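Heads up: the sequence lines are chains X and Z, in that order.
The opening residue of the first sequence carries number -19 in our numbering; numbering runs sequentially from there.
The opening residue of the second sequence carries number 2 in our numbering; numbering runs sequentially from there.
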Amino acid sequence: SAVISQKPSRDICQRGTSLTIQCQVDSQVTMMFWYRQQPGQSLTLIATANQGSEATYESGFVIDKFPISRPNLTFSTLTVSNMSPEDSSIYLCSVDMGGLAGIHEQFFGPGTRLTVL
Amino acid sequence: DAKTTQPPSMDCAEGRAANLPCNHSTISGNEYVYWYRQIHSQGPQYIIHGLKNNETNEMASLIITEDRKSSTLILPHATLRDTAVYYCIVRRETSGSRLTFGEGTQLTVNP
């Protein structure tokens, strides 16, 4: 399995500001993903973080609003830019082991709970 | 990825089996059925997955119908700690591809 940590675990921010969320994995992984979970709702994929290249964004999400970095195989960041109260959500990082050691499931981090005032 | 349909909520008595159904009538031949659960305020946790055969692990059993249009997740002896939202997900490959979460089933295990 993979152990995933996220920083910060929670934050309260003012509208118009930006927050960068970090995701650290204890082993090298092929794929990393960022999800958003709005209050009372299910998870929605924001983007796939690609190592060494630009992230692949899902419909409805754009790089200017959610810039993502992935400098190596164990670390990624998601920035929520120019925040508004509608960005209040839990942001989750997940990793896919790519079938290494027969592991096919995705593992999720504990999430970052963001409140925008 | 095929769409899944699950009941929004279910209740189960502690110690009894919890049977969570999922419909995925548009599933294609190379799509797997995955189950995840999310305990309140935590990230989703993988439970089990299968293609066409029934599967069992230390957490649960997965029963897939012969036509693969539906499946049932079975928690054989539910405990209070099994209270969570359970997501049935159809996924194109075994690894490397996205997970598309539906609304899931809120399972409440009662003492």
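All residues carry an ideal CB built from backbone N, CA and C; glycine is no exception.
Being a predicted model, the structure only gives us computed values, none of them experimental.
Proximity test, Cβ basis, 9 Å: residue i and chain Z
| i | result |
| --- | --- |
| E34/X | no |
| F88/X | yes |
| F13/X | yes |
| S74/X | yes |
| I(-16)/X | yes |
| S22/X | yes |
| E85/X | yes |
| G91/X | yes |
Distance CB(residue i)-CB(residue j) smaller than 9 Å
| i | j | result |
| --- | --- | --- |
| I70/X | G40/X | no |
| T73/Z | L63/Z | yes |
| V91/Z | Y33/Z | yes |
| A3/Z | L76/Z | no |
| I(-8)/X | D6/X | no |
| F46/X | S68/X | no |
| L(-1)/X | L72/X | no |
| S(-19)/X | F87/X | yes |
| T24/X | Q18/X | yes |
Cβ-based neighbour list, residue i, same chain, cut-off 6 Å, excluding 5 preceding and 5 following
| i | result |
| --- | --- |
| I48/X | A27, A29, A35 and L58 |
| L21/Z | L74, Y87 and T106 |
Sequence-distant residues of the same chain with beta carbon closer than 7 Å to residue i, five excluded per side
| i | result |
| --- | --- |
| R(-5)/X | M63, S64, P65, V96 and L97 |
| Q8/X | L53 and T54 |
| K53/Z | I65 and R69 |
| T(-3)/X | M63 |
Residue-level contact to chain X via CB, residue i, 9 Å cutoff
| i | result |
| --- | --- |
| R93/Z | no |
| G103/Z | yes |
| S42/Z | yes |
| Y88/Z | yes |
| D99/Z | Going by the sequence as given, residue 99/Z is Arg instead of Asp. It does: the Cβ of R99/Z has a partner Cβ on chain X nearer than 9 Å. |
| P22/Z | no |
| H25/Z | no |
| H78/Z | no |
| P9/Z | no |
| P112/Z | no |
Residues that residue i bridges to, as DSSP identifies them
| i | result |
| --- | --- |
| E56/Z | L63/Z |
| I1/X | L58/X |
| V34/Z | G51/Z and V91/Z |
| Q86/X | D76/X |
| V86/Z | Q39/Z and Q107/Z |
| I75/Z | N20/Z and S62/Z |
| Q17/X | L23/X and I70/X |
| M63/X | Paired residue(s): none; M63/X is not in a bridge. |
| R93/X | R(-10)/X and I70/X |
| I43/X | DSSP, once it has assigned bridges, lists no residue as partnering I43/X. |
(request) Please list the residues of the region 24 to 54 of chain X that have a C-beta atom closer than 9 Å to any C-beta atom in chain Z, keeping them in chain order. (result) T24, L25, T28 and E38
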